[in-house]
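Residue numbers (the numbering used here), protein chains in the order written: chain L, 27 to 469; chain P, 27 to 469.
Beta carbons: idealized from backbone N, C-alpha and C, even for Gly.
Written below as structure tokens is the structure these notes are about.
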């Protein structure tokens with residue numbers, strides 16, 4: 027019998043443990059209305075004609091790669107280049123839609139954004155001294171990838187403007203003094219998961235300056251960029267990246283489908299070779315990828331490529347076709363919260379919540395600990411699920427906060443869910459008020 | 027500018043460098059007949075009706091999971107469980123076809139065998155002291171995965187019976203004395219890549235005993251098991267594995283298609299938990315996988331599942347449908363070698379080659395170094411490509427050997443290729459004889 031309690035200890039951490047526990051609770055209450063999942067809305071996943079999209083890409087291959095039908099179809103069934111197949115389509119779309127001007131060879135197509143994170147960390151963290159900084163709270167996928175590679179992580183607090191830049195600079199100084207320099211910062215500047223905050227344009231420019239001064243790289247996760255309200259999009263860090271400090275991670279999980287498992291990473295940095303020449307960092311990422319998954323399924327790439335082609339090769343057009351639903355859901359969620367909670371004076375003294383203009387997530391502060399025990403009460407007695415924010419903190423934090431996601435539900439479910447949440451909140455704040463009254467009496 | 031010459035050094039090793047160089051040569055001579063690629067034959071990849079196979083699996087989901095058409099189709103488009111979707115189909119096939127009796131929950135579906143190797147190594151190598159033993163020469167994918175995780179590798183020489191078991195036992199003793207125990211042995215017991223050798227039944231049983239005595243795990247790579255001639259199949263190590271020492275890695279790249287990127291790993295070992303309970307190692311592998319690729323594309327799993335269902339859910343039936351072509355190609359290759367080389371007495375004194383009954387690979391020994399310079403000569407002057415065996419050795423070795431793969435070519439290409447190879451061999455052995463005559467004169 028394997029005695030790998032060590033194994034457990036080496037791979038699990040409080041964040042991942044709590045997410046496992048969270049999933050268990052969610053599974054135990056299948057009839058509860060769940061504001062927990064940040065997954066794409068099921069409506070967008072109905073009637074996806076996989077064969078049709080793949081055919082569309084096969085047609086593109088015939089026209090642009092000088093292949094006949096059989097050769098083009100066979101290309102999808104074989105192994106493919108580690109760097110990817112649809113790099114040209116993505117490079118064109120990024121140039122036209124996002125003011126990101128890179129060559130197809132600077133892009134590596136990955137098995138979702140998760141693999142992009144893993145291979146990027148593996149390429150950058152060539153010394154065990156290096157630390158990874160993350161905006162805290164942060165997406166658990168990056169913590170998992172860092173854990174897998176035994177990379178130390180330091181959390182930099184999120185602020186209204188996105189990130190505490192002063193604290194980041196201090197952390198860089200201290201880390202260098204301790205001979206444990208910060209090699210990279212992970213940040214999702216647009217409607218981040220879980221907190222839903224947006225990095226202002228000014229903060230983006232300051233962050234790029236700091237990266238250059240303090241000599242670290244920025245891993246920009248763009249997963250929720252597409253949910254920006256029309257006309258309020260802020261250029262990505264990569265679009266502003268004069269000094270090639272930014273490695274950009276994109277995903278098609280939200281705008282096409284998660285089931286394809288297709289993401290990508292842009293790494294147009296130059297890497298010096300010993301012979302005096304240089305090559306793009308993307309080449310090293312592709313080599314690392316070949317040790318992880320060999321190559322991303324060409325069939326899945328064709329499916330995503332076909333969807334892109336369906337929208338004239340435009341990522342923005344594809345994004346707009348998806349973002350309306352989330353904008354609408356978010357508005358319904360925020361309105362329902364206001365309608366059900368804002369008129370209740372005693373409740374409003376006890377709780378508060380964010381008012382994001384985009385993204386999937388609303389963050390709510392409670393007067394009591396929003397922990398697993400409270401979630402279990404919420405699920406069992408009130409039939410409503412949410413995510414404790416503490417699950418996303420590197421160090422202790424967010425103990426009294428919860429995350430509500432609007433992405434997975436229908437408008438009627440959101441309305442009904444907020445009704446249930448209101449009843450739940452009324453109950454716990456009543457209890458809380460009683461409890462604090464009691465404790466005052468005890469004093 | 028990134029100064030990551032260190033990055034390069036930390037990830038590349040002589041094996042991977044030489045394979046990159048090999049690919050460069052292959053790409054420079056597109057019109058040469060290439061015995062280099064071990065990829066599946068293109069014939070098997072024509073006319074794969076992706077949509078039809080996916081529909082077949084959707085139908086299966088409707089019948090066996092109580093889903094309607096829309097739910098079943100949507101299931102493929104969403105995220106899925108990290109452990110996989112088609113575990114039940116594979117568990118049934120392994121029980122019926124391979125005498126491997128494990129529950130679906132002991133299986134993790136991976137993005138090809140490569141990801142299976144990576145996550146298995148990450149789970150087992152929880153101490154940096156541990157060493158990985160590999161049968162030498164060996165498949166480069168396992169070396170890449172070990173390199174990515176900074177795992178030290180020790181090579182154990184291959185023999186006629188498969189592996190030098192005496193040397194393996196000695197290595198275990200020495201490693202333990204040096205406080206660097208061998209944690210696992212990687213072996214492909216059936217027509218291994220690159221050497222094409224087969225572990226006898228007796229050697230398999232001895233190996234299992236040694237694993238138990240010396241306390242290591244066996245990573246069994248089954249990629250070429252399907253090429254065994256009918257009636258000559260030897261039970262897999264996993265089928266003989268009474269003490270749960272074997273972690274079995276399977277792939278659908280060769281029997282279905284590489285483009286789906288679907289493999290799997292069986293890990294039915296019990297892992298002790300701190301609370302006194304235990305769980306299957308597969309659960310830990312799934313957790314690690316969630317940090318690498320989240321989950322294997324359900325669409326790709328459905329495609330492979332549909333192909334399995336097309337063959338009545340039988341892996342063996344699927345294998346037989348593919349193996350005939352490779353058996354035929356191998357016979358043609360071996361006959362052509364005999365016809366063109368065996369009658370040439372001077373050549374036969376200088377060279378020799380293996381006579382495998384299955385697999386993709388023939389190994390040939392030359393009187394001169396089969397290095398990149400010789401390959402370049404072979405490609406440029408004779409229009410024939412092969413793989414230097416030294417590419418597959420952990421330590422120096424195989425310098426005078428080359429690998430011929432029969433998998434990717436048509437019978438006429440094999441005939442023509444061996445004609446060219448014969449001319450090339452005639453030339454180099456003539457030169458070699460002249461050279462050795464000259465050197466004798468010099469003495």
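Interface with chain L (8 angstroms Cβ-Cβ cutoff): residue 323 of chain P is included.
Under a criterion of Cβ atoms nearer than 9 angstroms, no residue of chain P is adjacent to residue 164 of chain L; the nearest Cβ is some 14 angstroms distant. For residue 310 of chain P, the enclosing alpha helix (DSSP H) covers residues 307–318. Per DSSP, the continuous alpha helix (DSSP H) segment holding residue 350 of chain L begins and ends at 341–363. If you check each beta-carbon in the region 91–103 of chain P against every beta-carbon of chain L, the ones closer than 9 angstroms belong to 96, 99, 100, 101, 102 and 103. Excluding the 5 residues flanking it on each side, residue 121 of chain L has same chain C-beta neighbours closer than 7 angstroms at 127, in chain order. Along the region 424–447 of chain L, none of the residues has a CB nearer than 8 angstroms to a CB of chain P.
For residue 327 of chain L, the enclosing alpha helix (DSSP H) starts and ends at 324–336. If you ignore the 5 residues before and after residue 108 of chain P, its C-beta comes within less than 8 angstroms of the C-beta of 134, 312, 313, 315, 316, 320 and 321, all in its own chain and listed in chain order. The beta carbon of residue 119 of chain P is closer than 7 angstroms to those of 334, 339, 340 and 341 in its chain, skipping five residues each way along the sequence. Scanning chain P for C-beta atoms nearer than 8 angstroms to the C-beta of residue 105 of chain L yields 65, 279, 284 and 285, reported in chain order. For a cut-off of 8 angstroms, the C-beta gap from residue 367 of chain P to residue 381 of chain P is around 13 angstroms, too long to register as a contact. Collapsing the DSSP output to three states places residue 437 of chain P in a helix. In this chain, residue 216 of chain P is not harboured by any alpha helix (DSSP H), its DSSP state being neither H nor E.
Using a Cβ distance threshold of 8 angstroms, residue 254 of chain P and residue 355 of chain P do not count as a contacting pair. Straight-line measurement puts the Cα of residue 262 of chain L at about 13 angstroms from the Cα of residue 270 of chain L. For residue 207 of chain P, no Cβ of chain L is located within less than 8 angstroms of the residue's own Cβ.
Listed along chain P, no residue sits closer than 8 angstroms to residue 388 of chain L by beta-carbon distance, the nearest being about 22 angstroms off. Taken in chain order, the complete beta strand (DSSP E) segments of 3 or more residues contained in the region 131–177 of chain P are 133–136 and 157–162. Straight-line spacing of the CA atoms in residue 99 of chain L and residue 77 of chain L works out to 12 angstroms. Along the region 132–147 of chain P, the positions whose C-beta sits under 8 angstroms from a C-beta of chain L are 137, 138, 140, 141 and 144, read in chain order.
Residue 59 of chain P sits close to residue 409 of chain P, with the two beta carbons spaced by under 8 angstroms. Between residue 323 of chain P and residue 378 of chain L, the gap from beta carbon to beta carbon reaches 8 angstroms or more.
Of the candidates P:102, P:248 and P:211, the residue whose Cα lies closest to the Cα of residue 182 of chain P is P:211.
The closest CA to that of residue 177 of chain L, considering only L:195, L:151, L:422 and L:207, is found on L:151.
Taking 8 angstroms as the threshold, the shortest C-beta distance from residue 330 of chain L to chain P does not fall below it. Counting along the chain, no alpha helix (DSSP H) covers residue 184 of chain L, and no H or E run does either. At a Cβ-Cβ threshold of 8 angstroms, residue 163 of chain L and residue 423 of chain L count as neighbours.
Distances from the CA of residue 258 of chain P to each of P:383, P:172 and P:301 were compared; the closest alpha carbon is that of P:383.
Short of 7 angstroms from the beta carbon of residue 440 of chain L, and not among the five residues preceding or following it, lie these beta carbons of its own chain, in chain order: 355, 358, 359, 362 and 432. Three or more beta-carbon pairs drawn from the region 139–146 of chain L and the region 164–173 of chain L are found closer than 8 angstroms, and the two stretches are therefore classed as touching.
Spatial neighbours of residue 94 of chain L in its own chain (CB-CB distance under 8 angstroms, excluding positions within 5 residues in sequence) are listed in chain order as 88. In this model, residue 411 of chain L and residue 393 of chain L are separated by some 18 angstroms (Cα to Cα). Collapsing the DSSP output to three states places residue 294 of chain L in coil.
DSSP places residue 429 of chain P in the uninterrupted beta strand (DSSP E) bounded by 427–431. Each of L:61, L:185, L:371 and L:326 was checked against the Cα of residue 429 of chain L, and the nearest Cα belongs to L:61.
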